[in-house]
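Heads up: the structure comes next, in structure tokens.
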Ligand code: DX5
Ligand code: ZN
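In our numbering, the protein residues as written are 111 to 330.
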């Protein structure tokens with residue numbers, strides 16, 4: 111049986127009770143913390159920045175999976191390493207010299223991730239797949255939690271899995287946006303290794319149980 115990783119998205123947490131929600135994730139079956147950084151330029155929303163990540167990092171006891179939805183991410187690679195990011199994903203669409211950016215992330219001791227928007231074809235990753243630890247495949251247009259899952263994602267997961275296998279890479283496939291009990295099993299079957307879930311976890315009556323059930327559903 112496959113151990114699909116679950117990464118609750120802190121964007122959907124209650125920011126007035128952030129420590130409580132972080133402890134909930136610590137004590138749950140969740141594998142990673144997914145942290146969304148938005149700059150209001152690359153995406154039409156601003157989430158939170160360095161001081162909040164610093165506060166999260168002081169309490170979080172699991173992998174910090176940081177998803178940068180910002181222009182010019184190279185400017186902040188060192189800062190995110192110092193803040194304690196384990197994984198750092200930059201957007202394909204925001205990087206002119208993506209190969210160099212991936213090396214810079216790894217040089218700071220982090221795992222290097224590429225996030226791709228729904229319109230970005232996975233074949234564009236072929237020449238950097240062996241340099242990439244993680245592909246964060248957006249299954250909604252980035253910027254907001256609580257949006258509907260885009261069905262075309264299943265096809266993209268299968269195509270990306272084929273590219274990874276063909277190149278002998280060990281890149282993880284992470285799905286971000288609109289993940290729920292309705293699509294988790296099908297995504298895992300298609301080849302997804304990590305499922306991000308924001309609203310589905312935090313808007314449920316019992317987030318701890320929801321994380322456990324998502325983990326079970328996705329471990330196909
Ligand atoms: C969207 C973010 C996602 C978001 C997922 O731009 O990258 O990580 O928090 O939230 P849900 O699961 O509610 O779609
Ligand atoms: Zn995200």
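Using N, Cα and C, we set each Cβ at its ideal position, and we do this for glycine too.
- Boundaries of the alpha helix (DSSP H) around residue 216: 208–217.
- Using a Cβ-Cβ distance cut-off of 8 Å, the segment 280–291 and the segment 232–249 are in contact, since at least three pairs of beta carbons, one from each stretch, lie closer than that value.
- Boundaries for residue 180: no alpha helix (DSSP H) harbours it, and the DSSP string shows neither H nor E there.
- Contact annotation: residue 322 and residue 294 have beta-carbon atoms that are not nearer than 8 Å.
- Every residue with a CB closer than 5 Å to a heavy atom of the ligand ZN is listed here in chain order: 146, 177, 286.
- Using a Cβ distance threshold of 8 Å, residue 188 and residue 232 do not count as a contacting pair.
- Beta-bridge annotation (DSSP): residue 115 is paired with 304.
- With a threshold of 7 Å, the Cβ atom of residue 138 does not count as near the ligand DX5, since no heavy atom of the ligand is closer than that.
- Bounds of the beta strand (DSSP E) holding residue 199 are 197–201.
- Apart from the 5 residues on each side of it in sequence, residue 209 sits with its Cβ closer than 7 Å to the Cβ of 238, 241 in its chain, given in chain order.
- Remark: the C-beta of residue 309 is in contact range of the ligand DX5, defined as less than 7 Å to any heavy atom.
- In the DSSP assignment, residue 245 falls within the beta strand (DSSP E) that extends over 244–248.
- Taking a cut-off of 8 Å for Cβ pairs, the segment 220–227 and the segment 114–121 do not touch, as fewer than three such pairs fall below it.
- Selection 134, 136, 190 evaluated against residue 214 yields 190 as nearest (Cα-Cα).
- Buried is the label assigned to residue 152, since at least 16 other Cβ atoms lie within 10 Å of its Cβ.
- If you compare the alpha carbons of 234, 203, 204, 197 with that of residue 216, the shortest gap goes to 197.
- Judged by DSSP secondary structure, residue 283 falls within the beta strand (DSSP E) whose first and last residues are 282–286.
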